[in-house]
Amino acid sequence: LRKPVARASVELFFDNSLGRAAGQWSQYAEISVKRVLQRDGESSYFINNTHVRRRDVQDIFLGTGLGPRAYAIIEQGMISRIIEARPEELRVFLEEAAGVSKYKERRRETEHRLADTRDNLARLADIRQELGSQIERLEKQAEVARRYNELSTDRAQKQNLLWLLRRNDAEAEAQRHAREIEHSATELESETARLREVERDLEQARAEHYASGDALSAAQGELYGVNADVSRLETEIRFVADTRQRLDAQLAQLRAQRDAGRQSEVEQGDARLAWEARLGESREALEQARRKHAEEQVKLPQTEHAARLLQGRIAGERERIAQAEQAFQVEQTHLEHAGKTLQGLEQREERLLAERAELVAPDAQLLVRLTQELAQSTAELSRQEALLAELEAAREALDRQRRTCVDSLQMLEREFSALEGKLLTLQKIQNLVEENSKIQDWIGRHQLASKPRLWQKIRVKAGWEAAVESALGERLHAMEMSDPELLQRLLDDPPPARVSAFLPGTNAKLSLERGLKPLADYVEAVEPAVSGVIAAWLAPYYVVEGVPRLMTRLGLSPQAVLINREGHQFSRFGAKSKPWRGRRAGMGIRSRKGARNSPGWSFRSPSTTKASPSCGWRGRRSNSAITSVNLRI
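So the working numbering is basically just the index in the sequence shown, starting at one, shifted up by 1.
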């Protein structure tokens, strides 16, 4: 006997010279299908010695009659099974013979894929919702981090200002100690001179005392006087010696303090150099805030009053919307009840008609009574249907009215948020301006408040105000100095903050970039004397629409700058967005175009004011109508 083997295989060869096989196997003239069965029950399938799935083998024979539901190979009992087959089983053979089975199989696979795709879309929606909540949480955390960074920067700035104040106090204390040391040294020198004079007087007196020893008896009276003088002088000598010792001790102490002050001055000198630049920027921001404070101070009480009024109106609108929504819900309940009542009436009508059909030779009086009852029910049904249509229309009107009220409330909330933001900005500006008034004192001391500013001497072409603001910056507020000597005096007494000034002059001939239009052509000088400074300060700037191309920027000279209507600047080496400089400069340029006619704040909405009472009135009217319908039903 042959020993059992671990596997068995069977292989079929098909002639495909006509290329009727579907799919990728149509290019082969002969197709071999092989199955290898292992002892453990696992099977492997091969087509033309290529390992494939069982499904691939079934797909080849779909619609050919050679598949798992084959009819082309007739086996024992198959004819009987076909004859005795049920319609469902017979349908399988017919579909296989007609070649429809492969399409139905593909359709089933497609439906499975679509179902899997729907499940994947549902899972993606859940994941998207979860990611949305995570994004909101992360945005809140980012806002907290941004606020923390702002507060940290503010704390560091205030700490540096505190260190600067302490350094200034230390410098003043060191100067005071230096003056005291010089004064003490002067007093010590004067006392030393007096001591030497006293010593000389003492030596002279002693010499005279020794010379007058022989005339002691005759000069006894004079001796007593001289002795008294000597005692007095010795007392003064001891006092001077004590004073000198005390002054020496004070001088040593002051020298130690001077050394400590010099060491502190060296340490603080480095910090002063590091913070002088930032101090200049702070003074510049303070100057701009002070100028803006003068304009915004008048608007602050009016804005606060308008914000309080708007908050009251928002509370009223919310209460009216809540009432309208409550009335809408009550009306919806009544409408549902009315619908159920109409359905009951229809069922009753159907029941009466059924009973009428079942009655055999009804009596005349009962027929008349039932007819009258049916007519009454029909009339009541018509009235209820008409009333239901009216209530539906009223509900739609109330729904539209409610949406109008909600939109009005949202608009008022947006206005209120804008007012709150502006109020906070005004308060910050007011606090910044009130912190320092040195620049105003300097301007008043030099009588510069009446000097005209640069923005009062120019006119800008419409649409290019932002570009001029970005190019000139704080120089828009430069003061005109008609006298060069006045400018020199101001330079001798520098201001506590950054201040710009200019001397009048005519336009100068400047070189231009080829193919570009200078920004100075969009600025018109009201007085010819200002044209020179405008041409000089705007010489590097050329106008451009939108964002320039890279080749355009690479073709610029190193000093040329392109600027667009929004104020964004582009050079050969980079770009710079328009910085926020407040409203001061923009207000100055636009004042010649009628900025005084700028719209004010409006807190009244006619549609909202009229719609809100209407919501409550219509809700009460609908409630009464629905109540009456329920009573009649």
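Glycine included, C-beta positions come from ideal geometry on N, C-alpha and C.
Grab the span of the alpha helix (DSSP H) containing residue i for me, first residue to last.
i: Ser471; result: Glu466 to Leu473
i: Phe571; result: From DSSP, Phe571 is part of no alpha helix (DSSP H) but of the beta strand (DSSP E) over Gln570 to Ser572.
Please name the residue, chosen from the options, that lies closest to residue i on a Cα-to-Cα basis.
i: Gln312; options: Leu557, Glu174, Met412 and Asp400; result: Met412
i: Arg476; options: Ile535, Val548 and Leu420; result: Ile535
i: Phe240; options: Gln254, Thr193 and Ile80; result: Thr193
i: Leu399; options: Phe14, Ile83, Gln324 and Gly78; result: Gln324
i: Glu638; options: Ala186, Glu546, Gly556 and Gly575; result: Summary: the structure shown does not reach residue 638, with the chain confined to residues 2 through 634, and so no result is reported for it.
i: Arg573; options: Asn565, Leu555 and Ile564; result: Leu555
i: His569; options: Ser578, Ala561 and Val562; result: Ser578
i: Ala99; options: Leu420, Leu67, Leu425 and Leu551; result: Leu67
i: Pro519; options: Ala540, Ala468 and Phe503; result: Ala540
i: Pro549; options: Asp230, Arg107 and Leu563; result: Leu563
i: Leu551; options: Phe571, Ser33 and Gly78; result: Phe571
i: Tyr29; options: Asn17, Gln39, Lys35 and Arg36; result: Asn17
i: Ala9; options: Asp155, Ser383, Arg36 and Ala498; result: Arg36
i: Phe15; options: Ile32, Leu353 and Phe94; result: Ile32
i: Ala498; options: Val93, Leu196, Arg292 and Leu189; result: Arg292
i: Ile440; options: Glu43, Ser44, Pro495 and Pro485; result: Pro495
i: Gln254; options: Arg109, Ser232 and Ala179; result: Ala179
i: Leu389; options: His447, Ile80, Glu90 and Lys341; result: Lys341
i: Val199; options: Leu166, Glu237 and Ala171; result: Glu237
i: Gly24; options: Val58, Arg40, Tyr46 and Glu12; result: Val58
Tell me residue i's beta-bridge partners as DSSP assigns them.
i: Phe503; result: Glu481
i: Tyr543; result: Pro519 and Leu563
i: His52; result: Phe47
i: Lys577; result: Gln570
i: Gln39; result: Arg8
i: Ala526; result: Ile459
For the beta strand (DSSP E) that contains residue i, what are its first and last residues?
i: Leu555; result: Taken as a continuous stretch (DSSP letters only), Leu555 belongs to no beta strand (DSSP E), being part of the alpha helix (DSSP H) at Leu551 to Leu555.
i: Ala9; result: Arg8 to Asp16
i: Ser532; result: No beta strand (DSSP E) holds Ser532; the alpha helix (DSSP H) holding it covers Ser532 to Trp538.
Run through DSSP, which three-state label would residue i get?
i: Ser606; result: The predicted position of Ser606 is uncertain, since its pLDDT is 36 and thus under 50; a value taken from the coordinates is nonetheless stated next. In the structure shown, Ser606 sits in coil (DSSP, three-state: anything other than H, G, I, E or B).
i: Leu248; result: helix
i: Glu31; result: strand
i: Gly20; result: coil
i: Arg454; result: strand
i: Gln489; result: helix
i: Val548; result: coil
i: Glu288; result: helix
i: Leu389; result: helix
i: His338; result: helix
i: Pro495; result: coil
i: His210; result: helix
i: Gln448; result: coil
i: Leu354; result: helix
i: Leu63; result: coil
i: Ser558; result: coil
i: Arg3; result: coil
i: Leu234; result: helix
i: Leu513; result: coil
Is it the case that the CB of residue i approaches a heavy atom of the ligand GTP more closely than 7 angstroms?
i: Leu488; result: In terms of ligand content, the structure shown is empty, and the ligand GTP therefore cannot be addressed.
Item to check | 3 or more residues per run - each beta strand (DSSP E) lying fully within the stretch 165-192 | outcome: none
Checklist entry - At which residue ranges does the stretch 76-111 contain complete alpha helix (DSSP H) runs of 4 or more residues, listed in the order of the chain? => result 79-85 and 88-99
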